[in-house]
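Chemist: Can you read through this structure? Questions will come right after.
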């Protein structure tokens, strides 16, 4: 689609307005011409009939005035035709308008013809209708109005040109802002200066600057994920490479160790994929609703073999409520599973899961018997690739994934207790879906 110019659009709009205005003005002036003719005729009528008014003799009415032919009709008080001047085949139409009435007349019919017909009330109640051919006055008025119309057109075109240049002057800061935006090189996120811009443009620039900030944060996060992800993948790949070299030299392979290395490698890749999906799924993850208790049971069943292999217990105390929360089942299951795996990797003893409904939220607590996380430093543990201990298993992505998913769902996650360690999820309760009674 071809880009449109704001200056061109303003100019076209001005031209349209000018054309419409000139057309309306032309029609208005055409009507004004005849109003002026009639007004002049009202003034001239007393001069034309002055001798008749003084003497009362019809013969004193002139047949010509100022180069224009004049005819008459005399009406009685009851509007009966008393006399018609010679040369007329029928009486003049009776009119009762006055010079004063023309002052408030905005419009007149387009053409009254070559003759002007006005009424001259007499003192005895009679009315003398006077018709005059005013070709001289008509030509003079038309010439005057045409000159005014042409002058208005020239003035309008001058105004349009002035608007064109004023638009160029007013939009100069916008062009400079566009040049500043185009000058931003790849990998450099800079702000567009707002100071020289018009107040009407600043909200758009502020929005673009906010987008630039978010884009910069996203790029920085992407670089961090790539760098740290490569680092986390390098260690198991190096170990696996060494084991293969040993197999090549000795002909012996410690298969349990190889499987453990592959499992760790696979887990790091899976968490990287989960993190990438959660970063891009804010709208889709919050779109649906799901039953939280059922997904908790599914998550517990999924990690139960891992707990059993470590000789630890995990149990769910969910009560009889089946609350429905905002979010897709896959996202909620992923968040709960990562929380359980974090408790398995970094916690101690039995892990207990509790569920409760508080107001418009559903609280899900994952509690273990370990020392937990120092509450004043817990924000560090939700950063990507952060590990409480450098020798701990995993890539340090589990809690970052949980936090990202919960933010996407409109909820929160935080540590609320250090000893015992309690990780609390706060899910938004689905609108119109209160707790539904069901057996565990």
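Residue numbers (our numbering): 6 to 445. Heads up, the beta-carbon is just placed ideally off N, CA and C, and yes, glycines get one too. It should be emphasised that the depicted structure is a prediction, and the values quoted were computed from it without experimental measurement.
First and last residue of the beta strand (DSSP E) that includes residue 431?
Modeler: Start at 1 with the first residue of the chain shown, and residue 431 comes out as number 426. Counting along the chain, the beta strand (DSSP E) containing residue 431 begins and ends at 426–433.
Chemist: Our contact map puts residue 168 next to residue 206 with C-beta atoms below 8 angstroms; I'd like the distance itself, whole angstroms only.
Modeler: Position 163 of the chain shown, counted from the first residue, corresponds to residue 168. Position 201 of the chain shown, counted from the first residue, corresponds to residue 206. Not confirmed; about 18 angstroms, so no contact.
Chemist: Residue 165 and residue 20 look like a contact to me (Cβ under 8 angstroms); what is the Cβ gap, rounded to whole Å?
Modeler: One-based indexing of the chain shown puts residue 165 at position 160. One-based indexing of the chain shown puts residue 20 at position 15. 6 angstroms between Cβ atoms; contact.
Chemist: At a cut of 8 angstroms, does the segment 328–346 reach the segment 401–415 through at least three beta carbon pairs?
Modeler: The answer is yes - the segment 401–415 touches the segment 328–346, with three or more Cβ pairs under 8 angstroms.
Chemist: Residue 441 by DSSP, collapsed to three states: which one?
Modeler: As a working mapping, residue 441 is identified with position 436 in the chain shown. Confidence at residue 441 is low in this model, with a pLDDT of 48, below 50, so its placement is unreliable and the value that follows should be read with caution. It is a strand residue.
Chemist: To the nearest angstrom, how far is it from the Cα of residue 314 to the Cα of residue 303?
Modeler: Translated into positions along the chain shown, residue 314 becomes position 309. Translated into positions along the chain shown, residue 303 becomes position 298. Distance between the alpha carbons of residue 314 and residue 303: 18 angstroms.
Chemist: Suppose the cutoff is 6 angstroms on Cβ atoms and the five residues either side in sequence are ignored; what does the same chain contact list for residue 76 look like?
Modeler: Walking along the chain shown from the start, residue 76 turns up at place 71. So the list reads 90, 93 and 136, once near-sequence residues are dropped.
Chemist: Taking all protein chains shown into account, do 16 or more other C-beta atoms lie within 10 angstroms of the C-beta of residue 413, making it buried, or fewer, making it exposed?
Modeler: Position 408 of the chain shown, counting from 1, holds the residue named residue 413. Buried, since its Cβ has 16 or more Cβ neighbours within 10 Å.
Chemist: Under the DSSP definition of a beta bridge, which residues are partnered with residue 67?
Modeler: Position 62 of the chain shown holds residue 67. Residue 67 is not bridged to any residue.
Chemist: Would residue 324 pass as a contact of residue 296 if the rule is Cβ separation under 8 angstroms?
Modeler: Walking along the chain shown from the start, residue 324 turns up at place 319. Walking along the chain shown from the start, residue 296 turns up at place 291. Cβ atoms of residue 324 and residue 296: not closer than 8 angstroms.
Chemist: Could you tell me the alpha carbon to alpha carbon distance between residue 275 and residue 224, rounded to whole angstroms?
Modeler: What you label residue 275 is simply residue 270 of the chain shown in a count that begins at 1. What you label residue 224 is simply residue 219 of the chain shown in a count that begins at 1. Those two C-alpha atoms are separated by around 21 angstroms.
Chemist: Do residue 321 and residue 411 count as a contact pair if the criterion is CB distance below 8 angstroms?
Modeler: Here the question's residue 411 lines up with position 406 in the chain shown. Here the question's residue 321 lines up with position 316 in the chain shown. No, Cβ-Cβ distance for residue 411 and residue 321 is not below 8 angstroms.
Chemist: What does residue 366 pair with, by DSSP beta-bridge criteria?
Modeler: For the purposes of this step, residue 366 is taken as the residue at position 361 of the chain shown. Note: residue 366 sits in a beta bridge opposite 363 and 433.
Chemist: Do you know how far the Cα of residue 215 is from the Cα of residue 338?
Modeler: In the chain shown, counting from the first residue as 1, residue 338 sits at position 333. In the chain shown, counting from the first residue as 1, residue 215 sits at position 210. If I take the Cα positions, the gap works out to 33 angstroms.
Chemist: Do you know offhand how far residue 116's Cα is from residue 32's?
Modeler: For the purposes of this step, residue 116 is taken as the residue at position 111 of the chain shown. For the purposes of this step, residue 32 is taken as the residue at position 27 of the chain shown. The predicted model places residue 116 with a pLDDT of 48, which falls under 50 and marks its position as unreliable; any figure quoted below should be read in that light. Whole-angstrom Cα-Cα distance: 11 angstroms.
Chemist: Using the rule of at least 16 other Cβ atoms within 10 Å of the residue's Cβ for burial, across every protein chain shown, is residue 100 buried or exposed?
Modeler: As a position in the chain shown, residue 100 is number 95, starting the count at 1. Its Cβ having fewer than 16 others within 10 Å, residue 100 is exposed.
Chemist: Quickly, what does DSSP pair residue 330 with across the bridge? List them, please.
Modeler: Position 325 of the chain shown, counted from the first residue, corresponds to residue 330. DSSP output for residue 330 lists 295 and 434 as bridge partner(s).
Chemist: What is the DSSP secondary structure of residue 136, reduced to helix, strand or coil?
Modeler: Residue 136 sits at position 131 when you count from the first residue of the chain shown. Strand.
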